[in-house]
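The opening residue of the sequence shown carries number 1 in the working numbering; numbering runs sequentially from there.
Shown next, in structure tokens, is the structure this report addresses.
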Amino acid sequence: MLRGEKVILRPIEREDLKRLHELSANVELEMLAGGAWSPWSLAAVEKDFEKHLEEEDKSEFVIEADGKVIGTTELHRWKNRRAGTAGVGIGIYDPEYLGKGYGRDALRVLLDWAFRIQNYRRIWLDTLAKNERAVRCYLAVGFKQEGLLRQHEYHDGEYADVVTMGILREEWETQRA
Ligand SMILES: CC(C)(COP(=O)(O)OP(=O)(O)OC[C@H]1O[C@@H](n2cnc3c(N)ncnc32)[C@H](O)[C@@H]1OP(=O)(O)O)[C@@H](O)C(=O)NCCC(=O)NCCS
């Protein structure tokens with residue numbers, strides 16, 4: 001498992017699914033993380049978990065703090081090994097843990113894994129421009145804003161701008177030196 005100052009990143013276990021399913025009932029947080037919310041049953045979550053068990057290239061973690069699962073983070077499945085790039089996703093779904101530095105700690109651990117252990121060269125993401133908490137968290141760990149996609153998403157009753165952000169290996173190396 002991977003350790004930060006506040007969090008542990010570890011594989012998702014079957015026993016975590018009930019907790020993750022309970023956390024996913026928070027529609028507002030799910031919409032910020034995924035753009036839309038739809039009714040996934042626990043059985044559907046379990047089936048999806050089973051479906052992905054066979055995949056060799058694992059890159060999804062639960063974020064654990066104080067012995068509790070508080071969210072998830074991953075390098076997305078659409079990684080480009082040839083170019084050395086991968087997208088990152090993260091969600092803290094326990095409201096008690098929002099805005100208290102757990103997100104940035106988890107991202108620092110994930111970036112260390114991505115660059116130092118997995119040898120990626122560039123990590124990127126996109127997020128709603130109005131998701132200020134997310135943008136500030138990403139800036140704090142070293143992502144730079146690279147673009148703005150106007151009215152690119154539909155969120156909470158309106159078309160919303162999306163920010164694209166990225167961090168290169170050399171930038172990550174400089175800031176940890
Ligand atoms: C985005 C997310 C991972 C960030 O993790 P976090 O632990 O909440 O963030 P941190 O505490 O590390 O940093 C939050 C930053 O936003 C600020 N902030 C905290 N609450 C805020 C709020 N309600 N509105 C605006 N800014 C806020 C903090 O001051 C901090 O910025 P600073 O360092 O410049 O002061 C987390 O909030 C989350 O999962 N949110 C719900 C789902 C989501 O938005 N996912 C991301 C989709 S791309």
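Note that CB positions come from ideal geometry on N, CA and C, so glycine has one too.
Bear in mind the structure is a predicted one, so any value in this text is a computation, not a measurement.
I'd like to confirm the pairing. Which residues does DSSP put opposite E92 in its beta bridges?
The amino acid occupying residue 92 in the given sequence is Ile; Glu does not appear at that position. In DSSP, I92 forms a bridge with G71.
Would you decide whether Y159 is buried or exposed? Buried here means 16 or more other CB atoms lie within 10 Å of its CB.
exposed
Out of N26, L32, R176, M165, point me to the one whose CA is closest to V109's CA.
R176
Check whether the Cβ atoms of I123 and I92 lie closer than 8 Å to each other.
no
Please indicate yes or no: does the CB of K100 lie closer than 7 Å to some heavy atom of ligand 1?
yes
DSSP three-state label for W113, please.
helix
Per the contact definition of three or more C-beta pairs closer than 8 Å, is the region 133-142 in contact with the region 112-122?
no
D126 beta carbon less than 8 Å from that of V163:
yes
Buried or exposed for V7, going by 16 or more other Cβ atoms inside 10 Å?
buried
So, under 8 Å CB-CB, F61 and L9 are touching, yes? Tell me the CB distance rounded to an integer number of Å.
4 Å
Under 7 Å: does the beta carbon of T127 sit that close to some heavy atom of ligand 1?
yes
Take the Cβ of R82 as the centre, count every other Cβ of all protein chains shown within 10 Å, and call the residue buried at 16 or more, exposed below.
exposed
According to DSSP, simplified to helix, strand and coil, what is F143?
coil
From the DSSP output, which residues share a beta bridge with G87?
W124
Taking the runs of the beta strand (DSSP E) that are 3 residues or longer, which of them lie wholly in the region 34-66?
60-65
Could you give the first and the last residue of the continuous alpha helix (DSSP H) run that contains L20?
17-23
From the DSSP output, in three-state form, read off D161 for me.
strand
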